[in-house]
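Counting in my numbering, the final residue of the sequence shown is number 413, and the numbers go up one at a time with none missing. The beta-carbon is built from N, C-alpha and C at its ideal position, and this holds for glycine as well. For reference, the structure discussed in these notes is given below.
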Amino acid sequence: MTAVFLAILVAWIAILGAAFGSFFNVVIWRVPEGMSLISPPSHCPKCGARVRPFDNVPILAWLWLRGRCRDCKAPISVRYPFVEFLCCAVAALFGASILVGDWIGFASQTLSWGEFAEYSAAWDAAVAAFEADPTQKTTLTFDAYWATAQKAVALSFVWAFAAYAALILGFVEWDKGAVPKSLVGVATAVPVVGLLTILALSDGGALLGRCGVFAASVGSGVAATLLLWRAVPRLERAETAALGALWGFCVGYWGAFLGVLLLSGVAAAVRRKTGRNVFGLLVFSAILALAVGESVWFATC
Ligand SMILES: [Zn+2]
């Protein structure tokens, strides 16, 4: 029962991730152009035909349209399903490691496999009692499952959104060579809000320990901001702050933190050697580190 339930939950998290990816395509394309995110609705840039709701399904629509506009057959960039796939994969990865992997650091204080196992055992016992004697009244409720499921989805997206923020900054930097201040501001806020959300979702007890991790994260974030600013020439102050916030957030996961440290070092070295703007590279290193750090913990516990 638990395995089926967890599989459904991870699938649901993955689908949500793909849907977010679809929206982020719009963000990556429109925000640097100063366009509204809502109007006009999605349309083909070539012929202007509106994208039908059916053809808006993330990843799959691009496949059944074979990468072409339904109306004018103009090619649709593979970038769109790629971003959707990345967002889907990131969410699925976090969802799976949160639900199936054991929790490390921050996470170990918030949710555990044991919570699900407990409900699963109660469920199995109730089913067995009903099978033994169908005349007796058995009350089964999904309330406990549901509460844990909501928490798992919320926590998955706290992590996923930190990665999404990095992803959006990376793609915009890649496309335009610069990131609008508004996007950098939001990207800085995302990991900070994420940290607070994790604190809020934590159950009582060990509050002092969690505050310790929180202080360490904020401290590391500020230190990382100052360090990056000094180490990487011509990096925008705001961009550095966004990276610093992400970095601080990673401290909750020590593996991810070490990954960011390593890859940021590589990016800074490339910047010094070649003179290329490496903000995009830094950002991709951050998302990679988040994903790899997470999955390494997942695989080793
Ligand atoms: Zn078209």
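By alpha-carbon positions, which one of the options ends up nearest to residue i?
i      : options                        : result
Phe194 : Gly306, Ala335, Ala130         : Ala130
Leu175 : Arg162, Ala272, Ser189         : Ser189
Ala266 : Leu279, Leu308, Glu243, Leu281 : Leu308
Val270 : Phe117, Gly207, Cys156, Ser154 : Gly207
Pro280 : Val116, Phe136, Val122, Phe117 : Sequence inspection shows Ile at residue 280; the Pro mentioned does not correspond to that position. For Ile280, the nearest C-alpha among the options comes from Phe136.
Lys293 : Glu145, Ala274, Val116         : Glu145
Ala115 : Val143, Gly282, Asp236         : Asp236
Ile171 : Phe273, Leu198, Phe283         : Leu198
Arg191 : Ala278, Tyr257, Ala264, Val138 : Val138
Arg60  : Val202, Pro157, Cys200, Ala201 : Residue 60 is absent from the structure shown; the chain starts at 113 and stops at 413.
Ala203 : Ala272, Arg142, Phe166         : Ala272
Report the rounded CA-to-CA distance for residue i versus residue j, giving the unit in angstroms.
i      : j      : result
Ser220 : Pro152 : A caution first: Ser220 carries a pLDDT of 39, below 50, which makes its placement in the model unreliable, though a value can still be read off. Going from the Cα of Ser220 to the Cα of Pro152 covers about 44 Å.
Glu196 : Gln248 : 49 Å
Gly306 : Arg164 : 34 Å
Val296 : Glu285 : 11 Å
Leu128 : Ile140 : 18 Å
Ser268 : Val334 : 25 Å
Ile210 : Val169 : 26 Å
Phe218 : Ser148 : Residue placement at Phe218 is flagged as unreliable, the pLDDT there being 37, under the threshold of 50; the coordinate-derived value follows with that caveat. The straight-line gap from Cα to Cα measures roughly 37 Å.
Gly289 : Ile150 : 25 Å
Val302 : Tyr276 : 9 Å
Gly77  : Leu339 : No statement about residue 77 is possible, as the shown extent of the chain runs from 113 to 413 and does not include it.
Ala233 : Ala123 : 23 Å
Ala119 : Arg342 : 45 Å
Ala261 : Val239 : 21 Å
Arg162 : Ala241 : 56 Å
Cys184 : Ser154 : 15 Å
Leu121 : Ala274 : 20 Å
Ala244 : Ala259 : 29 Å
Lys263 : Val304 : 18 Å
Tyr257 : Cys200 : 23 Å
Phe166 : Val291 : 32 Å
DSSP has residue i in a bridge; who is on the other side?
i      : result
Pro144 : Looking at the DSSP assignment, Pro144 forms no beta bridge with any residue, so it has no partner.
Val187 : Checking the sequence, you will find Pro at residue 187 rather than Val. Paired residues: Arg180.
Arg164 : Paired residue(s): none; Arg164 is not in a bridge.
Is it buried or exposed, residue i, if we count other Cβ atoms within 10 angstroms and call 16 or more buried?
i      : result
Ala299 : buried
Cys159 : exposed
Ile125 : buried
Pro246 : exposed
Leu205 : buried
Ala312 : exposed
Gly331 : exposed
Ala278 : buried
Ala173 : buried
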